[in-house]
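Numbering (this note's numbering), first residue to last: 4 to 117.
Written out below as structure tokens is the structure these notes cover.
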Amino acid sequence: MFAGLHQFADTQYFEEHPYIFIYTDNSTLIYRIFAAYEFSNVHLLLGYDTASEDGFSEYLEEVKAACAQGGSMAEDIQVTEKDRLLTLSTCVGGRSERRYLVQGVLLNDRGILP
Numbered sequence: 004m005f006a007g008l009h010q011f012a013d014t015q016y017f018e019e020h021p022y023i024f025i026y027t028d029n030s031t032l033i034y035r036i037f038a039a040y041e042f043s044n045v046h047l048l049l050g051y052d053t054a055s056e057d058g059f060s061e062y063l064e065e066v067k068a069a070c071a072q073g074g075s076m077a078e079d080i081q082v083t084e085k086d087r088l089l090t091l092s093t094c095v096g097g098r099s100e101r102r103y104l105v106q107g108v109l110l111n112d113r114g115i116l117p
């Protein structure tokens, strides 16, 4: 369903499409895409302790490491354990143990809007 996410593997596409907008009845949530990369198929909410700051920091370090292995990461935005993230996920063809992830950080909380 989200096969189009693989377009973010192209550096130019990643740079030219920096935002995700989610429209609700009461507001528009704006996320700045900070990472796009291939990852294991681990269930992110169950596989990482993101409820604690230390656990969330460890997870963010894994994101950086995964991006360094051939993914894309925005250089102009810092993401911390205090941020709220959105993760979009899709399959990697022929590799059921892998997922392709595109992640954004919520800007509304930061008072930064495009």
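Virtual Cβ for every residue (Gly too), placed ideally from N, Cα, C.
Problem - VAL82 beta carbon less than 8 Å from that of LEU63 - result: Counting from 1 along the sequence shown, the entry for residue 63 is found at position 60. Counting from 1 along the sequence shown, the entry for residue 82 is found at position 79. Going by C-beta atoms, LEU63 is nearer than 8 Å to VAL82.
Practice task
Round the Cβ separation of THR93 and ALA6 to the nearest angstrom and send it over; I've been treating them as touching at under 8 Å.
Solution key: In the sequence shown, counting from the first residue as 1, residue 93 sits at position 90. In the sequence shown, counting from the first residue as 1, residue 6 sits at position 3. So it is a contact: roughly 6 Å between Cβ atoms.
Exercise for the section: May I have a chain-ordered list of the alpha helix (DSSP H) segments no shorter than 4 residues that lie completely inside the stretch 10-46? Expected result: 14-19
Exercise for the section: Output the distance between the C-alpha atoms of ARG35 and GLN10, rounded to the nearest integer angstrom. Expected result: Within the sequence shown, residue 35 is the residue found at index 32, counting from 1. Within the sequence shown, residue 10 is the residue found at index 7, counting from 1. In a straight line, the C-alpha of ARG35 is about 16 Å away from that of GLN10.
Exercise for the section: State yes or no: is the C-beta of GLY74 within less than 8 Å of the C-beta of GLU100? Expected result: Residue 74 sits at position 71 when you count from the first residue of the sequence shown. Residue 100 sits at position 97 when you count from the first residue of the sequence shown. No. Outside cutoff.
Problem - Cα-Cα separation between GLU56 and ASP86, rounded to whole angstroms - result: As a first step, residue 56 is located in the sequence shown; it is residue number 53 there, counting from the start. As a first step, residue 86 is located in the sequence shown; it is residue number 83 there, counting from the start. Cα-Cα distance, rounded: 10 Å.
Handout entry: For GLY114 and ILE23, believed in contact at Cβ under 8 Å, the rounded distance
Key = Walking along the sequence shown from the start, residue 23 turns up at place 20. Walking along the sequence shown from the start, residue 114 turns up at place 111. The pair is not a contact, with the Cβ atoms about 18 Å apart (cut-off 8 Å).
Exercise for the section: Helix, strand or coil for VAL66, going by three-state DSSP, please let me know. Expected result: Position 63 of the sequence shown, counting from 1, holds the residue named residue 66. It is helical.
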